[in-house]
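Line by line, the protein sequences are chains A and B.
Be aware that the first sequence starts at 1, since it is given in the working numbering, and climbs by one per residue.
Be aware that the second sequence starts at 779, since it is given in the working numbering, and climbs by one per residue.
From the three backbone atoms N, C-alpha and C, an ideal C-beta is built for every residue, glycine too.
If you're wondering where the values come from, they're calculated on a predicted model, not measured in any experiment.
Reading through the structure tokens given below for one structure.
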Amino acid sequence: MLPLKHLVIILLLLSPGLVLAQSKKTFTISGTIKDKASGETLPAATVSFVELPGKGVTSNSYGFYAISIPEGSYTMLTTYTGYTTDTLKILLTKNMLINKSLASASGQLQEVKIKSSTARSNNILTTPAGVQRLNIKDINNVPVLLGEKDVLKTIQLLPGIVSAGDGNAGFFVRGGAADQNLILLDEATVYNPSHFLGFFSVFNSDAIKDISIYKGGMPANYGGRLSSVEDIQMNDGNNQKFGASGGIGLIASRLTVDGPLFNNKGSFIISARRSYVDLFTGFASDTTTKHSKIYFYDVNLKGNYQLDSINRIFLSGYFGKDVMSFRNSYGLDYGNSTGTLRWNHIFSSKLFSNTSLIYSNYTYDVNIDDNTDNIKVSSAITDYHFKQDFTYYLNASNKLGFGLESTYHITQPGTAVATASSSYNDVFLEKKYALESALYLSDEWNASDKLKITYGVRLSDLSVLGPGNFYTYDKDGNKTDSTYYKSGKIVKSYITPEPRFAASYQLNPTSSVKLSYDRNVQNIHLLNNSAYLSTTNVYLPSSNNIKPEIADQVALGYYHTFHNNGFEFSSEIYYKNLQNQIDYKNGADLVGNPNIEADLLYGSGRAYGWETYIKKKSGKFTGWISYTLSKTELKIPGINNGDYYPATQDQTNHISLVGMYQATKKWTFSADFVYNTGDAVTWPSGKFSVDGAPVYYYGARNSNRLPAYNRLDIGATLLAKKTTKYESSWTFSIYNLYGQSNPYDIIFQADPNNANKTQVQQTTLFKMVPSVTYNFKF
Amino acid sequence: MRIQTPIIILVLLILFSSSCQKVITPQLSNGAPQLVIEGAVSDTTGPYHINISKTVSFYADNTYPNVSGASVTITDQTVGVNDLLTETSTGVYTTHSIVGTPGHTYQLQVVLNGKNYTAVSTMPLPVALDSITFDYTSVKNMIQPVVHYQDPAAFVNYYKYNITVNGVKLNRFQTDEDRLMNGKYINEDLVTDTGAIKKNNLVLVNLDGIDKGAYNFLQEAENIAFYNDQLATPATPTSNISGGCLGYFSAQTVSSKSAVVK
């Protein structure tokens, strides 16, 4: 590898933004920004200077910041949403280390003051198009199903992000499919983010610090999925004092313990949840219910240790599992586990480094043990991932990011093990191996105090590796050739450059325009031809048959803040072009099928839309309205005569309203309303008889629509007790207040009461679900 | 393993009591009526029948208008025997002389309004059903027949099951293939509707050995008929008859067993 110095020089030569003025003597201010009470580092806090409008820097995911500015005297402002702004007078004559601890602003009223005094242009310029950041505090008051606070459910109220429906943790970002979202927990990929087959997400909000959502303009350090990145960071734990918090809800209870380690040089956090519906089903008189089980649990663990002023290590992990069984004869369990070991190292006040070793696994097992068969079906995907990131704070105008990563994917598309007396043979599908690597380099360039440009490139490679047999197929899906590759042998390599560009131009102190272009490549494909985000998913890496999926997106946005930054308005349009999209042939069988690739079809797609968002950020009443108008279409040879047709997730209109009102010191009320056009679906155009049973025939793919989805939820939080030592609250909520029958399942079937008729039956899961949760903290 | 998802829904319905089911009547597009040809030659004694009808719209009665006036021929291509079928009632065409023999290949030819529809099907070697028993417990309120037979290891086999209760054939069928169970002794629960089989009923199960073309159609038709809610992209089952029609033609072996539900 090139020595760092050379790399920096090369970067300098390559980057147009870097050749600018280096005349006046500059010095670097660097440090870490933390929460005063807990010692938690604060990502995306802003450091700016009253004397240098338009210049500023945001802290990275580890709270580290650095900025080089000309010598002089300054008023340095450190701001973070929900915290009191820190003001510091400095005389800069040498490099300085300034660590900041911000105090949490208690109560909404104080926040009004903060807003009015902050450098209000910052938000307008620093946030690239398509990016949303949510602090966990932002989601606490949004009412949710059964009172389980849920980051993934809450982000579905933001523009451009829509739910895949009740009872489905899947979500669609700007027309992308549910598997096109890169969901990271402390950098580890979480393949299946759902509990209870999708009713809840796997993320326990007590363990989470922050979530960043990228719908476009992805920074070059992210890659691997077409539509979005959800980067979720776990809490580090309080390094000042021991604490515990938790909640007792109708579905699940949770407990979190955190505290300092090694004389406050480190901290830890352990957070666990378990649902307990199953504890009650055991008492049921009905034998089916009595012998059926459904529960989940998850554990988040994290520890960190500050070795010295320039070295810090973090170890974090997640383990979760869902278990369900039906009358002891049919069982399903699935879960994710992840582990991340990270080392932060500050080479100099200008160069920050993070090295990560990451493990991620998703496994599911189905057990069938009835009178006639005993089979266990399993499938898994495992990742071993190395990542090295550098941030180089070159000068006041340029922040460079560069690094490399490499992931070894092992997927087991399916095994089935049966007892000798079973009707089934054992099946072992070949494991698939792939090495996914990337090099990236980007520059955040403050070209002027009005113009900020982030540009970069990511060079990704997917190498399909042996051992294994690789087949080619003709258009009818018959094998035409077979080759065996030895272990470690490269079968096929796909190298794709992914340019990334985002620019913001500030029109005036309260408004800006933003433009972004990015290309993303996806090499892990989820195969699922079931209508449900089923757990029995098959993950396949790109191969000699499956090409990397590619998306190119352009987005243009306008941002405006008004009423003294109390309101934020944004409006964006986007256009996305998709290549190598995957669909299935009729009757494709994905279970235990060694020739699964023969059943796939490939095509292209396009998605475009307009998103509008208005948010009231301060005062007793806060909330937002978001509206999205969009279209998503696919074009796949062999389907609908090769014409464009609407993708399932093509929801033309999507509206959400969220409101939170702090009525008194004790009571906070909230409500949210969601409306969206129903998914595009394929319904029968008529029927005929096969062996006496009505069978349906179909017209064009996805030419029908589910009924529009709509729902109103309300919630209230009562702060029961608040002292410096103990805090407790009650959260009440009603999900789907007016009992709208939103479809979960629609089946076309023979009428059970009239042999001469057929009927359409709809199943609705949630019609008005009240809940109560008790939360405590000490 | 197709029955997984309904069971999951059932579990969810039990646990989330706020859920409910109702009949809805969404507007559906009405396709132009299409031609449906259905028929089989089997290793049981003839005559055999080919039925020609038209599709109807989803909300119409399950009465499918029969189509008369077709010229229907079945040829035993293995021995070169032709049989021109006679329309014995409207839309029902009956054979005269042709005999179903395992291993023989049969061709169906239908000429209607100047259009040709053809299909070829090869009768597999027979597989005998040993016995049937009943499973009273796997699914609540449902008595399920269980079939027992040996799948031959030397061949790729495709099956279809039908159930007759007290002499009345149930409007249901089920398919199977030996892809994951080649050469095994098969014990399999057949899916029935709740209450379709009661105590003291005389239950007859047919095990039909079918070929790949007929299986492909029937397997897709089974998913469409009974599990269409689970398919992300439901589509018209692919007929093994060429020329642009629905339905299937099958040369099949038949083995049946009956038992009384205790």
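- Between A/T496 and the set A/D481, A/D461, A/R342, A/N641, the nearest pair of CA atoms involves A/D461.
- DSSP places B/V877 in the coil class of the three-state scheme, outside both helix and strand.
- Per the DSSP secondary-structure output, A/L351 pairs in a beta bridge with A/Y392.
- Beta-bridge pairing by DSSP links B/T872 to B/H827, B/T864.
- Shown here, A/A207 sits in a helix according to DSSP, grouped into three states.
- A/T78 is bridged by DSSP to A/V47, A/D86.
- Listed in chain order, the beta strand (DSSP E) runs fully inside the segment 544-589 of chain A are 549-562, 567-584, counting runs of at least 3 residues.
- The three-state secondary structure of A/D713, taken from DSSP, is strand.
- The residue among B/S875, B/K893, B/M920, B/I876 with its C-alpha nearest the C-alpha of B/V1039 is B/M920.
- Using a C-beta cut-off of 8 Å, the segment 514-522 of chain A makes contact with the segment 547-561 of chain A, since at least three inter-stretch Cβ pairs fall below that distance.
- Distance from A/L429 to A/G592 at the Cβ level is roughly 7 Å; contact confirmed, criterion being Cβ atoms closer than 8 Å.
- Per DSSP, reduced to three states, the secondary structure at B/A974 is coil, with no helix or strand assignment.
- Along the segment 747-773 of chain A, going in chain order, the ones with a CB nearer than 8 Å to a CB of chain B are I747, F748, Q749, A750, P752, A755, N756, K757, T758, Q759, V760, Q761, Q762, T763, T764, L765, F766, K767, M768, V769.
- Per DSSP, reduced to three states, the secondary structure at B/A931 is coil, with no helix or strand assignment.
- Within chain B, the residues T1011 have their CB atoms less than 7 Å from the CB of A/R701, given in chain order.
- Between B/Y1026 and B/G973, the CB-CB gap reaches or exceeds 9 Å.
- Within the same chain, T833, L1024 come within 6 Å of B/Q812 by CB-CB distance, once the 5 residues on both sides are set aside.
- Using beta-carbon distances, A/S378 does not count as an interface residue toward chain B, since no partner is under 9 Å.
- For A/Q740, the secondary structure class from DSSP, reduced to helix, strand or coil, is coil.
- In the same chain as B/D986, and ignoring 5 residues on each side of it, the C-beta atoms closer than 6 Å to its own belong to K938, Q1030, V1032, in chain order.
- Taking one beta carbon from each stretch, the segment 436-453 of chain A and the segment 401-411 of chain A have 3 or more pairs nearer than 8 Å; the two touch.
- Nearest to A/S73 by alpha-carbon distance, out of A/D35, A/T26, A/S61, is A/T26.
- Cβ contact annotation for B/T853 (same chain, cutoff 6 Å, sequence separation greater than five): N860, Q885, in chain order.
- Taking 7 Å as the cut-off between beta carbons, none of the residues of the segment 444-467 of chain A comes near chain B.
- CA-CA distance, A/K725 to A/G259, rounds to 15 Å.
- The segment 179-198 of chain A makes no contact with the segment 456-475 of chain A: fewer than 3 CB pairs, one atom from each, lie closer than 8 Å.
- Straight-line measurement puts the Cα of A/E230 at about 26 Å from the Cα of A/L351.
- As summarised for the segment 644-680 of chain A, the continuous beta strand (DSSP E) elements at least 3 residues long and confined to that stretch are 653-662, 667-676, given in chain order.
- Residue state for A/I155 is assigned as helix, using DSSP reduced to three classes.
- Our two residues, A/S626 and A/Q662, have alpha carbons roughly 21 Å apart in a direct line.
- A direct Cα-Cα distance of roughly 33 Å separates A/G335 from A/K34.
- Between A/T632 and A/Q649, the gap from beta carbon to beta carbon is short of 9 Å.
- Within 7 Å of the CB of B/P1015, the CB atoms of chain A belong to V695, in sequence order along the chain.
- Assignment of A/A693 by DSSP, reduced to helix, strand and coil, places it in the strand class.
- Of all residues in the segment 836-854 of chain B, only F836, Y837, A838, D839, N840, T841, Y842 come within less than 9 Å of chain A when Cβ atoms are compared, listed by chain position.
- In this structure, the alpha-carbon of A/L451 lies about 27 Å from that of A/G82.
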